[in-house]
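Mapping of the sequence shown onto full-length UniProt numbering: residues 1 to 419, in sequence order. Down below is the structure, laid out as structure tokens.
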Amino acid sequence: MKGRSKSKSLTLFVLCIIAIISLAFAGFKGFVVAGWEFKSFDKAITKGLDLQGGVSVLMEIQEDDVSYDVRQRTKQLLELRVNKIGVAETVVTEEGDKRIRIDIPGAYDSNEIVESLSKTGNLEFKDADGNVVLTGKDIEKATSILDDTSSPVVSLELNDEGQSKFAEVTANNIGKTISIYMDDELVSSPVVQSTITNGKAVINGMSSMDEATKLAGIISSGALPVTIKAVSTESVGAQLGSEALPNALKAGAIGVGLIFLFMIVYYRLPGIFASIALTLYITLLLIVFAEMRVALTLPGIAAFLLTIGMAVDANILIFERIREELTKGISIKSAVKAGFENAMSSIVDSNSTTFIAALILYFIGSGSVKGFAVTLMIGIILSLFTALIVTKVLINLAVDIGLLKNLGQFRVKRGAKNA
């Protein structure tokens with residue numbers, strides 16, 4: 001029975017080690033299976049503005065006493081608007097009650113971005129008498145295409161209500177113009193040739209495909225419920241970002257390497273198991289970043305390294321408690337159990353206070369401070385998991401299979417007693 005138990009523990013121990021190493025290798029190197037690519041962390045994780053350059057625009061709502069729902073709707077429309085004009089991986093955050101910051105990683109024209117964001121997006125169709133016959137609410141879809149003459153245009157598809165309205169309007173205005181206005185600015189004034197019943201219209205007069213794409217994006221995102229104005233625009237050079245990322249990664253690698261070295265030299269074999277658990281922690285944290293599309297920034301990297309330190313601190317508390325129990329002369333298995341139990345309250349308390357501080361930073365901070373807080377909170381949760389569960393499982397399995405059976409492996413001298 002004992003042999004079968006030891007064999008089972010050995011199998012679980014080996015599987016755990018292989019799984020952790022394989023997951024870490026896949027994450028840092030990536031792989032391709034049957035045409036499906038598992039992207040490496042370098043490709044999968046969104047890099048923030050300070051790591052790859054780009055534009056940061058702070059928009060301010062001009063109206064007073066705007067409700068929370070209106071602010072959220074404005075935020076969503078701004079994010080949709082930016083993404084519709086071909087800009088991906090944007091980070092849109094609120095700053096106070098009236099300001100919204102849009103961070104756009106990559107090399108983009110800040111003037112065009114500000115112009116697109118500042119437009120209210122109020123689309124109107126007016127007949128020859130100046131009466132509004134259709135609005136942006138009647139539009140189902142707007143796309144930029146090339147027409148039969150290879151000229152860039154914006155193709156509009158109307159919803160059911162808009163389609164019936166447009167059919168009636170075009171039937172009553174054959175030979176007359178129906179002007180299309182965006183924010184009271186005339187963008188097109190086509191002449192109605194026949195009744196249009198298919199619910200499709202075209203805005204022409206675009207000077208380039210980029211202009212058509214931008215206009216289509218604004219129309220698709222819908223009209224903003226409030227008036228907004230750009231109060232500041234900052235551009236981060238790509239050179240700064242290209243230099244910052246390698247330096248940050250190098251510093252992080254050196255820091256993590258020194259932590260692993262300390263744990264192994266000072267705590268010996270248990271330190272190796274703790275380093276394996278920390279490897280899993282780092283891998284899981286980066287996977288969460290990739291899946292949640294968290295934008296990794298320099299403050300985020302700082303928070304990432306800080307949580308590694310906290311995870312190490314948890315392991316140190318556990319190992320020191322185990323050593324205290326061993327000096328009492330109890331068995332290694334009992335000491336390991338008591339060590340984890342005695343260290344848990346200290347670990348949970350210290351991490352809880354840090355988590356509360358991170359929450360406060362998130363709600364009252366802005367921009368990079370929020371990024372720091374988010375990274376810190378995610379890291380704390382995962383560090384508790386790896387320290388209290390993964391390290392515990394590895395240490396217990398190592399004891400069961402006989403890898404940890406000598407007091408010297410815990411840096412405890414035989415016969416040592418507490419004073």
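Glycine is no exception: its CB is placed at the ideal position from the N, C-alpha and C atoms.
- Secondary structure at alanine 311: helix, using DSSP grouped into helix, strand and coil.
- Taken atom to atom, the span from the alpha-carbon of isoleucine 17 to that of serine 7 is near 16 Å.
- Take the alpha-carbon of lysine 165 and the one of valine 114: they are about 34 Å apart.
- Residue state for valine 369 is assigned as helix, using DSSP reduced to three classes.
- When the five nearest sequence neighbours on each side are left out, the beta carbons in the same chain lying within less than 6 Å of the beta carbon of leucine 23 are those of Thr283, in order along the chain.
- Across the structure, valine 399 and isoleucine 332 are spaced so that their CA atoms are roughly 8 Å apart.
- Restricting attention to Ile322, Ile380, Ala343, the CA atom closest to the CA of leucine 404 is found in Ile322.
- In this structure, leucine 361 and valine 369 form a Cβ contact; the two beta carbons are roughly 6 Å apart against a cut-off of 8 Å.
- Taking a 10 Å sphere around the C-beta of glutamate 341, we find fewer than 16 other C-beta atoms and assign the residue as exposed.
- When the five nearest sequence neighbours on each side are left out, the beta carbons in the same chain lying within less than 8 Å of the beta carbon of arginine 411 are those of Tyr266, Tyr267, Arg268, Arg323, in order along the chain.
- Under the three-state reduction of DSSP, glutamate 60 is assigned to strand.
- Bridge pairing for valine 32: Glu37 [DSSP].
- In this model, serine 151 and threonine 227 are separated by some 32 Å (Cα to Cα).
- DSSP, read as helix, strand or coil, puts leucine 146 in strand.
- Distance from the Cα of serine 208 is smallest, within the candidate group Val154, Pro105, Gly257, Arg71, for Val154.
- The C-alpha of glycine 205 lies about 31 Å from the C-alpha of aspartate 103.
- Note that the C-beta distance between asparagine 122 and aspartate 69 is not below 8 Å.
- Pairing phenylalanine 355 with isoleucine 316 gives a Cβ-Cβ distance that is not under 8 Å.
- DSSP places isoleucine 196 outside both helix and strand once states are collapsed to three, so it counts as coil.
- Comparing alpha-carbon positions, the option among Ile203, Glu325, Glu95 lying closest to leucine 146 turns out to be Ile203.
- Beta-bridge analysis with DSSP links aspartate 210 to no other residue.
- Annotation: methionine 310 to threonine 391 spans about 14 Å, alpha carbon to alpha carbon.
- Per DSSP, lysine 126 is one residue of the beta strand (DSSP E) stretching across 123 to 126.
- When secondary structure is reduced to three states using DSSP, serine 383 falls in the helix class.
- Between serine 144 and alanine 44 the beta-carbon gap is near 29 Å, outside 8 Å, which marks them as no contact.
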